[in-house]
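In the numbering used here, the protein residues as written are 211 to 597.
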């Protein structure tokens, strides 16, 4: 689609009819004019030049409250204040496989939906989301092998360079009207990372985490003898993969590129499990242990972050570490290694320094901390190295 291609997006105007709204003549040239029908929906042309003089096309109150649980308003970022009050991106949902479940909070968007990003803001409370890529970059530059605890590119997307925005999204409510959602917009830093297959890896990590979370929540309910709906749960905020079908902000993402969008109306995030020095919270710590235990050491969670409401933990952008297939050199290393724990064991012991009471309901001996790999298969206790 070209920069002036018509795309179906949602535009909310004031109560005046579309005929009452007209751009000044000086702003018409080289600029796409936004119109709307009386039902507030029409094809909209989005050009390269921002409609800086238009104050009636979608605007956002910087003091908009994100949700009931997070009463403090989102801080207005200088970049957002200086930006045009026009739709920034038009998106089409291309991949949305995660359904509502005991382990996932379903996205309000479905495959094929077309939505408008009305406003983009930087959120200071989301800065910790970029810590992982900083740690991975420092490790890559380090010459000390003992410090290499963060996942490698072969194991996970942990070190991907990404940018994060709060996005005010306007979407159809399915009843002829419109609804607004505050979302997390994830955009890869490089053009190569804004490919749909790369973005699908974000969704796959969330999907796998949600599957583990459902099993964990069911286990927790059985352990305490309660209905799953009555016990604290771990859930994942479900992302969707989107194509940019037109853009007034090419510095963010251009037409034809792919981004991830997650409904996440919170103005801060908490690191529940990252470096091992976080405040110990039983539910996410036990969930981390559960994934390592139930996968037989083949997979491990990294960087559990999100928000906690009155009962549940809601995770955002979780990373799954998948152990790569072993080669000949790795098998030789199993025989010759005499100098301590493997990288997965180091991670387990550093990130999960002690077990919660809940951990003992499925792994009372903490054997997940001593996982060994034999013949390319990870096993909790295989006899290698005294495990």
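Just so it is clear, CB atoms sit at the ideal spot from N, CA and C, and this is done for glycine as well.
Please read these numbers as outputs of a predicted model, since none were measured by experiment.
Taking the straight line between their C-alpha atoms, what separation do you get for residue i and residue j?
{"i": "residue 315", "j": "residue 531", "result": "22 Å"}
{"i": "residue 478", "j": "residue 573", "result": "33 Å"}
{"i": "residue 481", "j": "residue 342", "result": "11 Å"}
{"i": "residue 420", "j": "residue 446", "result": "6 Å"}
{"i": "residue 566", "j": "residue 434", "result": "14 Å"}
{"i": "residue 442", "j": "residue 556", "result": "29 Å"}
{"i": "residue 495", "j": "residue 457", "result": "41 Å"}
{"i": "residue 517", "j": "residue 335", "result": "11 Å"}
{"i": "residue 563", "j": "residue 552", "result": "16 Å"}
{"i": "residue 559", "j": "residue 488", "result": "14 Å"}
{"i": "residue 475", "j": "residue 524", "result": "11 Å"}
{"i": "residue 390", "j": "residue 319", "result": "12 Å"}
{"i": "residue 491", "j": "residue 309", "result": "27 Å"}
{"i": "residue 307", "j": "residue 514", "result": "21 Å"}
{"i": "residue 575", "j": "residue 569", "result": "9 Å"}
{"i": "residue 351", "j": "residue 507", "result": "28 Å"}
{"i": "residue 333", "j": "residue 297", "result": "19 Å"}
{"i": "residue 463", "j": "residue 331", "result": "14 Å"}
{"i": "residue 440", "j": "residue 353", "result": "49 Å"}
{"i": "residue 432", "j": "residue 329", "result": "44 Å"}
{"i": "residue 522", "j": "residue 438", "result": "12 Å"}
{"i": "residue 504", "j": "residue 387", "result": "45 Å"}
{"i": "residue 394", "j": "residue 519", "result": "18 Å"}
{"i": "residue 418", "j": "residue 428", "result": "16 Å"}
{"i": "residue 422", "j": "residue 510", "result": "11 Å"}
{"i": "residue 337", "j": "residue 358", "result": "23 Å"}
{"i": "residue 571", "j": "residue 376", "result": "39 Å"}
{"i": "residue 400", "j": "residue 430", "result": "41 Å"}
{"i": "residue 280", "j": "residue 436", "result": "In this predicted model, residue 280 has a pLDDT of only 43, less than 50, meaning its place in the structure is not dependable enough to derive any value."}
{"i": "residue 392", "j": "residue 554", "result": "36 Å"}
{"i": "residue 426", "j": "residue 461", "result": "41 Å"}
Pop quiz: residue i and residue j are said to be a contact at Cβ under 8 Å. What is the actual Cβ separation, rounded to whole angstroms?
{"i": "residue 501", "j": "residue 368", "result": "Not quite, the Cβ-Cβ distance comes to about 15 Å (not below 8 Å), so this is no contact."}
{"i": "residue 444", "j": "residue 493", "result": "6 Å"}
Are the CB atoms of residue i and residue j nearer to each other than 8 Å?
{"i": "residue 385", "j": "residue 398", "result": "no"}
{"i": "residue 312", "j": "residue 459", "result": "no"}
{"i": "residue 527", "j": "residue 396", "result": "yes"}
{"i": "residue 466", "j": "residue 561", "result": "no"}
{"i": "residue 473", "j": "residue 317", "result": "yes"}
{"i": "residue 162", "j": "residue 455", "result": "With the chain covering only 211 through 597, there is no way to say anything about residue 162."}
{"i": "residue 321", "j": "residue 374", "result": "no"}
{"i": "residue 361", "j": "residue 512", "result": "yes"}
{"i": "residue 364", "j": "residue 534", "result": "yes"}
{"i": "residue 304", "j": "residue 404", "result": "no"}
Give a yes or no on whether the minimum CB-CB distance between residue i and chain B is below 8 Å.
{"i": "residue 428", "result": "Here there is only one protein chain, and chain B is not present."}
*asked:* Could you tell me which whole beta strand (DSSP E) segments of length 3 or greater appear in the region 409 to 484?
replied: Look at the region 409 to 484 and you find these whole runs of beta strand (DSSP E), each 3 residues long or longer: 444 to 447, 449 to 457, 468 to 473 and 480 to 483.
*Could you say if the region 445 to 452 and the region 405 to 416 meet the contact criterion of at least three C-beta pairs nearer than 8 Å?*
Flag = yes, the region 445 to 452 and the region 405 to 416 touch.
*asked:* When you compare the region 343 to 351 with the region 365 to 384, are there three or more beta-carbon pairs, one atom per stretch, that lie closer than 8 Å?
replied: Yes: the two stretches touch, three or more of their Cβ pairs being nearer than 8 Å.
*Are the region 316 to 326 and the region 378 to 389 touching by the rule of at least three beta carbon pairs closer than 8 Å?*
Here the region 316 to 326 lies against the region 378 to 389, with 3 or more beta-carbon pairs under 8 Å apart.
_Every unbroken beta strand (DSSP E) inside the region 480 to 529 [3 residues or more]_ = List check, beta strand (DSSP E) in window: 480 to 483, 509 to 512, 514 to 518 and 523 to 525.
_alpha helix (DSSP H) runs contained entirely in the region 324 to 358, provided each spans 4 or more residues_ = If only uninterrupted alpha helix (DSSP H) runs of at least 4 residues are considered, those enclosed by the region 324 to 358 are 341 to 351.
*Considering only residues of the region 378 to 402, which uninterrupted beta strand (DSSP E) runs meet the minimum length of 3 residues and lie entirely inside it, listed in chain order?*
Segments of the beta strand (DSSP E) lying fully in the region 378 to 402: 388 to 398.
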